[in-house]
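K.L.:
Here it is, the structure, as structure tokens.
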Amino acid sequence: MSDAGLHTLTGAYALHALPEPERREFERHLGDCAACSVEVLEFSETATRLGLAVSAAPSRELRERVLREIATVRQEPPPGGRRTRPGATGQHGAGRTRRWPAFALAASLAAAAAFGGVAAWQNQVAQDARQEARAAQEANTRLVQVLAAPDAKSRSGTLEDGATGTVVVSESQDRAVFLASGLAEAPGGKVYQLWFDDGGTMRSAGLMRASGDSPTTYATLLDGPVDGATGMGVTVEPAGGSAQPTSAPLALMSLPA
Amino acid sequence: MKEAVHISGLASAGPDLQELLGMVARGDQDAFSQVYEAVCGPVLGLVRSVLRDPAQSEEVAQEVLVEVWRTAPRFQAARGSAMNWVLTLAHHRAVDRVRSVEATTAREHKAALLDRTPAFDDVTEQVETRLEREQVRRCMRTLSELQRESVTLAYYRGLTYREVAELLAAPLGTIKTRLRDGLIRLRDCLGVSA
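These protein sequence lines map, in sequence, to chains A and B.
According to our numbering, the first sequence is numbered sequentially starting from 13.
According to our numbering, the second sequence is numbered sequentially starting from 7.
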């Protein structure tokens, strides 16, 4: 289907009214279409208002059953907590370009085990485990594609306490990947969040995800297209992330031109 | 018209709920019981709107609420409000259920489906809910008939846009655009921003 045709599906998608194959096709489109993502988010919030309007009065028994059940149900770990092999450290020096694919493979193993970060919004979070695994794979494929792109360009910088950050941008794919090593885990309950810098306005690019045996190594595909952003930043945010940065950035880097 | 009414209504469900979910994500059961109070009515109402069967609705609502507990660590505020996250979960669960169960049976009763309007008439004492309901009802009236029917059947009844098209005997492309146009109008009327 053409992109214009897909764009009109924002309404049906936000209402969960797309049959399965079309939903998947649309989600692939969504990763590349910032305008669609915003519209889907607005429509979903609109649907939430429709939902609130049909609120019902639940029984006391329901409350008791739910509270009893949750006492026995184990919670999922937060996304980003899982890790597999390292491979990133020491790859920030000269001549790293040739080693990207090796790192990409390691990162790929990591991401396959972690919850996918490419999805543009909460809707993805509500999918079942099978779909999550697929999303993680897709996110991962995208990450690898950016790192391995013939036009991938990178820029490294120092974050804090000797931590290093490297941003890799593929202009043809309009996506960016951020790698960090030697970065301490975010303080209790907090997370690292990434941002695109659109000429001074910060646009959320999702949460940073640990990617190696070492909890200090991160590889993350930034959510959404680069879309002309001139730089990127990292902040520490409350669990779940924020819609706008709430703390001074740990790092601001301009994107490689 | 009381344009601004909903803002106060929604604010009390906004930042507090997000904060509570953050606590739930770290295993706080007391925080969960507060989240429960805030979301159980909307969750049950929405599920019931889609499933209609009361017993089955309670069962699915219970699943959704336990899911909120289990997956709270995944909630990301950058991707929408806390209530949005919860109701998205609820809608998905209800729709998945109705699509698996109804494939062969209830879908034949098309007339019955068309006949029903959303359950706006549920009795509830909560002022916020009543205000929200008034506002939504008013905004629904600003839609064209086809927009309103499309949005209602897709969201409140859990039909795919293809089923909506078949039911309303309208072309697929028309339903796609009506869903989008209808949501644009509702979004603007309700003052939603991302």
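In this text, a Cβ means the ideal position worked out from N, Cα and C, and glycines have one as well.
For the beta strand (DSSP E) containing residue 66 of chain B, name the first residue and the last one.
P.N.:
Element bounds for residue 66 of chain B: not the beta strand (DSSP E) but the alpha helix (DSSP H), 60–77.
K.L.:
Beta carbon of residue 167 of chain A, beta carbon of residue 70 of chain A: below 9 Å?
P.N.:
No.
K.L.:
How long is the line joining the alpha carbons of residue 26 of chain B and residue 156 of chain A, rounded to whole angstroms?
P.N.:
Cα to Cα, residue 26 of chain B sits roughly 36 Å from residue 156 of chain A.
K.L.:
Which residue's Cα is closest to the Cα of residue 81 of chain B: A/260, A/266, A/61 and A/255?
P.N.:
For the residues A/260, A/266, A/61 and A/255, the minimum Cα distance to residue 81 of chain B belongs to A/255.
K.L.:
Under 8 Å Cβ-Cβ, which residues of chain B neighbour residue 89 of chain A?
P.N.:
The contacting residues are 79.
K.L.:
Identify whether residue 221 of chain A lies in helix, strand or coil by the three-state DSSP scheme.
P.N.:
In the structure shown, residue 221 of chain A sits in coil (DSSP, three-state: anything other than H, G, I, E or B).
K.L.:
Is the CB of residue 36 of chain A under 9 Å away from at least one CB in chain B?
P.N.:
With 9 Å as the cut-off, residue 36 of chain A does not count as an interface residue toward chain B.
K.L.:
For the candidate residues A/74, A/221, A/152 and A/245, whose alpha-carbon lies nearest to that of residue 179 of chain A?
P.N.:
The shortest C-alpha separation from residue 179 of chain A is found at A/245.
K.L.:
Report the residue ranges of all alpha helix (DSSP H) runs contained in full by the segment 148–173 of chain B; include only those spanning at least 4 residues, in chain order.
P.N.:
Correct list: 151–157 and 167–173.
K.L.:
Residues of chain B with CB closer than 8 Å to the CB of residue 56 of chain A, please, in chain order.
P.N.:
Within chain B, the residues near residue 56 of chain A are 86, 90 and 94.
K.L.:
If contact means a Cβ-Cβ distance below 9 Å, which residues of the segment 54–65 of chain B contact chain A?
P.N.:
Against chain A - using a Cβ distance shorter than 9 Å - the residues of the segment 54–65 of chain B are 54, 55, 63 and 64.
K.L.:
Within 10 Å of its beta-carbon, does residue 48 of chain B have 16 or more other beta-carbons around it, so buried, or fewer, so exposed?
P.N.:
Answer is buried; the Cβ neighbour count reaches 16.
K.L.:
Taking all protein chains shown into account, do 16 or more other C-beta atoms lie within 10 angstroms of the C-beta of residue 29 of chain A, making it buried, or fewer, making it exposed?
P.N.:
With 16 or more other Cβ atoms within 10 Å, it is buried.
K.L.:
Give the residues from the segment 251–269 of chain A that approach chain B closer than 7 Å (Cβ to any Cβ), ordered along the chain.
P.N.:
Those residues of the segment 251–269 of chain A that come within reach of chain B (Cβ to Cβ, closer than 7 Å) are 251, 252, 253, 254 and 255.
K.L.:
I want to verify the contact list: residues of chain B whose CB lies under 8 Å from the CB of residue 77 of chain A, in sequence order.
P.N.:
In chain order: 68.
K.L.:
Using DSSP bridges, identify the partner residues of residue 209 of chain A.
P.N.:
A/214 and A/243.
K.L.:
Assign residue 209 of chain A to buried or exposed, taking buried as 16 or more other Cβ atoms, counted over all protein chains shown, within 10 Å of its Cβ.
P.N.:
Burial call: buried.
K.L.:
Going by the DSSP bridge assignment, what does residue 138 of chain B pair with across the sheet?
P.N.:
Its beta-bridge partners do not exist; DSSP assigns none.
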